[in-house]
Amino acid sequence: MPLALEGKKAIVAEVSEAAKGALSVVVADSRGVTVEKMTGLRKQARENGVQLRVVRNTLARRALSGTQWECLNESFVGPTLLAFSTEHPGAAARLFKDFAKDEKNFEVKALAYEGELIPASDIDRLATLPTYDEAIAKLMSVMKEASAGKLVRTLAALRDQKQDEAA
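Going by the working numbering, 273 is the number at position 157 of the sequence shown; the sequence numbering is gapless.
As structure tokens, this is what we get:
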């Protein structure tokens, strides 16, 4: 069913607004995936701070023109599913990577992060980014190890000093 001009303008405005607040964008083709599976994907996306949109290619190009996501224009061929990560840059990539493991018909076409086009084969670049909590945990463990090492070196220096004084 053809969209009226006002409907197209609304879609372009909505997608453009989602693109402005996105940290990364993933483009995929969901042909052959059942409605039930797509509903589950949409639910997971909402839980992970990812906005999913099925958009016509011409409207997607128009919505993303002039933004840092314009590099994705070449990937708008066939049915297009856009995922905008709003809370964590790797959320959409991680979600799509996990979903594609179970669904053989689901294909990730391209990704973009900070205006850089990333081919689908390099999805791990975004999917393996640690979340905020994971990054803080790693930082704390490194700091803990560093402080423990410093304590050991200080105690060893004290021991050496005491041995030197005793000798």
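Idealized CB from N, CA, C, for every residue including glycine. Only a predicted model underlies this, so the values are computations on that prediction, with no experimental measurement involved.
- If only uninterrupted alpha helix (DSSP H) runs of at least 4 residues are considered, those enclosed by the stretch 134-218 are 151-163, 173-180 and 207-218.
- For Lys278, the enclosing alpha helix (DSSP H) has its first and last residue at Tyr248 to Ala282.
- Taking C-beta atoms under 8 Å as the contact rule, Leu227 and Ile234 qualify, at a distance of about 4 Å.
- Asn189 is positioned such that its CB atom lies no closer than 8 Å to that of Arg178.
- When Cβ pairs closer than 8 Å are counted between the two stretches, the stretch 245-256 is seen not to touch the stretch 216-224, the count staying below three.
- Comparing alpha carbon positions, the residue from Glu232, Lys266, Val149 and Ser181 closest to Val128 is Ser181.
- Per DSSP, the unbroken beta strand (DSSP E) holding Leu227 starts and ends at Glu223 to Tyr229.
- When Cβ pairs closer than 8 Å are counted between the two stretches, the stretch 255-263 is seen not to touch the stretch 167-175, the count staying below three.
- By the Cβ-count criterion, Tyr229 is buried, with 16 or more other Cβ atoms from all chains shown falling within 10 Å of its own Cβ.
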